[in-house]
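Asker: In full-length UniProt numbering, the protein residues as written are 1 to 272.
So that we are looking at the same thing, I have put the structure below in structure tokens.
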Amino acid sequence: MAYLLNSVDLYNTYEIRAGHTPRSNISLQGCFDMPKRIGVTYKDWGDSDSVEPWVAAGEIMFAGRDIVFSGSIQGTVSEINTNLQSFYDAINAATGISIFETPYNSASGYVKSVNPKHVNSGCTLEMVFREPVVALTGTLPASGSSAYTIDSIPFSSFGLYLSKAEQLHDLPEIKEQFVTKYGQEGYQIVKRKNKTLDMNGFVAGSSLGNFITNVQALYKVFSSSGTRSIVLNTITTVVCFATEGFKIENIHYSDTGVIAKFHISLMVKTVT
1 MAYLLNSVDL
11 YNTYEIRAGH
21 TPRSNISLQG
31 CFDMPKRIGV
41 TYKDWGDSDS
51 VEPWVAAGEI
61 MFAGRDIVFS
71 GSIQGTVSEI
81 NTNLQSFYDA
91 INAATGISIF
101 ETPYNSASGY
111 VKSVNPKHVN
121 SGCTLEMVFR
131 EPVVALTGTL
141 PASGSSAYTI
151 DSIPFSSFGL
161 YLSKAEQLHD
171 LPEIKEQFVT
181 KYGQEGYQIV
191 KRKNKTLDMN
201 GFVAGSSLGN
211 FITNVQALYK
221 VFSSSGTRSI
231 VLNTITTVVC
241 FATEGFKIEN
251 IHYSDTGVIA
261 KFHISLMVKT
271 VT
């Protein structure tokens with residue numbers, strides 16, 4: 001599996017060998033994350049317990065994401081430093097967008113940082129590559145019947161399996177109080193903040209290609225205009241929208257497929 005920066009193989013040129021990111025068996029972290037939205041995402045009216053979603057197509061814009069590569073270099077301190085300096089020189093020689101090619105995807109952006117740590121007869125290395133524009137393209141699966149759906153599409157059609165849904169039935173804290181009182185604590189009766197729905201689970205694919213297709217379908221559904229209608233266990237319908245993207249971590253890739261942890265926090269408009 002080759003890792004190339006601007007078409008230069010990291011191992012063959014700098015002896016940088018791909019390793020594992022924490023709690024994963026692949027060398028990348030963040031490469032499947034959906035970035036958060038930027039700009040105004042909602043309006044918080046003081047006289048309401050919820051927020052007004054800003055989810056028209058022209059209002060939806062996204063930040064970039066960090067892709068973290070974990071690797072190592074073997075050799076003497078002198079050999080390691082020589083390889084690192086050659087790597088740094090190549091990074092600094094770039095006059096435009098850099099391309100980071102991996103077995104999992106290809107990203108356009110720039111090297112944000114490189115942090116080596118010397119250990120015994122080698123060093124570990126963490127490179128952070130910033131991808132400022134992420135292509136959130138994908139194809140939505142067909143709708144169907146299920147106890148758990150997103151816009152009438154079963155969770156399983158996204159390769160998504162829910163392990164826990166949290167905060168939905170919590171009583172949110174109150175909004176900020178604008179009051180002062182001399183000599184004692186003042187108070188003001190105000191509305192409460194909006195509810196949130198935190199979903200934790202797993203996203204899986206029967207192969208790397210199938211996993212990527214499932215992740216891209218999740219990009220598509222959570223980046224689309226309008227609100228989402230999520231049904232939980234048949235009886236609860238949550239109208240919500242995503243502002244913080246989602247995280248895909250603890251990625252495990254094998255001959256039988258790919259599975260990873262999935263987390264998303266959604267802003268809730270209504271619960272029925």
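Even glycine gets a Cβ: it sits at the ideal position worked out from N, Cα and C.
Just so you know, these numbers come straight off a predicted model, no measurement behind them.
Pull up the CB-CB distance for Ser218 and Tyr253, whole angstroms please, since I reckon it's below 8 Å.
Answerer: According to the sequence as given, residue 218 is Leu; it is not Ser. Their Cβ separation, rounded to whole angstroms, is 18 Å, which puts Leu218 and Tyr253 out of contact at 8 Å.
Asker: Report the three-state DSSP secondary structure of Leu208 (helix, strand or coil).
Answerer: Residue state, collapsed to three classes: helix.
Asker: Are Phe155 and Ser146 close, meaning C-beta to C-beta below 8 Å?
Answerer: Their beta carbons are under 8 Å apart, which means Phe155 touches Ser146 by this criterion.
Asker: Between Asn105, Val128, Trp54 and Tyr104, which has its C-alpha nearest Gly71's C-alpha?
Answerer: Nearest of Asn105, Val128, Trp54 and Tyr104 to Gly71, Cα basis: Val128.
Asker: Inspect the CB distances between the segment 219-236 and the segment 149-163 and report whether three or more fall short of 8 Å.
Answerer: Because the criterion of three Cβ pairs below 8 Å is met, the segment 219-236 and the segment 149-163 touch.
Asker: Within the chosen definition, does the segment 214-228 reach the segment 6-21 through at least 3 CB pairs nearer than 8 Å?
Answerer: No contact exists between the segment 214-228 and the segment 6-21.
Asker: Which residues does DSSP list as the beta-bridge partners of Tyr253?
Answerer: Looking at the DSSP assignment, Tyr253 forms a beta bridge with Val258.
Asker: Run through DSSP, which three-state label would Glu15 get?
Answerer: Of the three classes helix, strand and coil, the one that applies to Glu15 here is coil, per DSSP.
Asker: Assuming Arg65 and Glu131 form a contact by the criterion Cβ under 8 Å, report the distance between their Cβ atoms to the nearest whole angstrom.
Answerer: Rounded, the Cβ-Cβ distance is 5 Å, consistent with contact.
Asker: Going by DSSP, what residue range makes up the alpha helix (DSSP H) through Ser86?
Answerer: Note, Ser86: alpha helix (DSSP H), Val77 to Ala93.
Asker: So does the segment 30-37 actually touch the segment 235-250, counting three or more Cβ pairs closer than 8 Å?
Answerer: Yes, since at least three Cβ pairs between the segment 30-37 and the segment 235-250 fall closer than 8 Å, the two stretches touch.
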